[in-house]
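S.K.: Take 1 as the starting number for the sequence shown in the UniProt record's numbering and just add one per residue. Built from N, CA and C at the ideal position, the CB exists for glycine as well. The structure displayed is predicted, hence computed values, not measured ones.
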Amino acid sequence: MGKLATFVLELLRMCLLLIITIGLLGGLEDAIFKLLYGWTIYPGSAVVGNIILFFVLYRNYWQFRGWFESDKNQRLEQHLTRSLIGLSLLLILLPFAVPLLK
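#1: Is the CB-CB distance between F64 and L84 below 9 Å?
#2: Give the range of the alpha helix (DSSP H) segment to which L91 is assigned.
#3: Out of W39, Y61, M1 and I32, point me to the one whose CA is closest to M14's CA.
#4: Tell me whether I19 sits in a helix, a strand or coil according to DSSP, three-state version.
#5: Please state the DSSP three-state secondary structure of G38.
#6: Going by alpha carbons, who is nearest to G86 out of L53, L101 and G38?
#7: Are the beta-carbon atoms belonging to A46 and L80 less than 9 Å from one another?
#8: Measure the C-alpha to C-alpha separation of I19 and G2 and round it to an integer number of angstroms.
#9: What is the residue span of the alpha helix (DSSP H) that G2 lies within?
#10: Whose C-alpha, out of A31, S88 and P99, is nearest the C-alpha of V48?
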């Protein structure tokens, strides 16, 4: 298979993984929020946190298990990975803390 074909397949795979990841994490967060508070909201910050978490997962794990192989594929540095995961968790947990402040 040519480089362009494998790149397109990897791009489609990445989009599918993003949709599945956001769907699963968003559904889980929505169910937990509804269980805790009895109502649902649109947690915009949690979506951003999920996208950051997907980015870290893709760069550190999923990109090495796909079709497209490149010499430029590198894992994120450890301190950047930890910082991004911390920011992601903060953004995901933020909608759960807002009702407690009222």
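M.R.: On the basis of the supplied data:
#1: What you label residue 64 is simply residue 64 of the sequence shown in a count that begins at 1. What you label residue 84 is simply residue 84 of the sequence shown in a count that begins at 1. Result no, Cβ atoms of F64 and L84 do not sit closer than 9 Å.
#2: Translated into the one-based positions of the sequence shown, residue 91 becomes position 91. First-last of the alpha helix (DSSP H) with L91: Q78 to L101.
#3: Against the sequence shown, residue 14 aligns to sequence position 14. The residue with the shortest Cα to Cα distance from M14 is Y61.
#4: Along the sequence shown, read from residue 1 onward, the residue named residue 19 stands at position 19. The answer is helix: DSSP assigns I19 an H, G or I state.
#5: For the purposes of this step, residue 38 is identified with residue 38 of the sequence shown, where counting begins at 1. If DSSP states are grouped into helix, strand and coil, G38 belongs with coil.
#6: As a position in the sequence shown, residue 86 is number 86, starting the count at 1. That would be L53, whose Cα lies nearest to the Cα of G86.
#7: Working through the sequence shown from its first residue, we reach residue 46 at position 46. Working through the sequence shown from its first residue, we reach residue 80 at position 80. The answer is no: Cβ separation not under 9 Å.
#8: Reading the sequence shown from its first residue, position 19 is the one you call residue 19. Reading the sequence shown from its first residue, position 2 is the one you call residue 2. Rounded to the nearest angstrom, the two C-alpha atoms are 26 Å apart.
#9: Locating residue 2 in the sequence shown gives position 2, where the first residue counts as 1. Where G2 is concerned, there is no enclosing alpha helix (DSSP H), given that its DSSP letter is neither H nor E.
#10: Taking the first residue of the sequence shown as position 1, residue 48 is located at position 48. Nearest option by C-alpha distance: S88.
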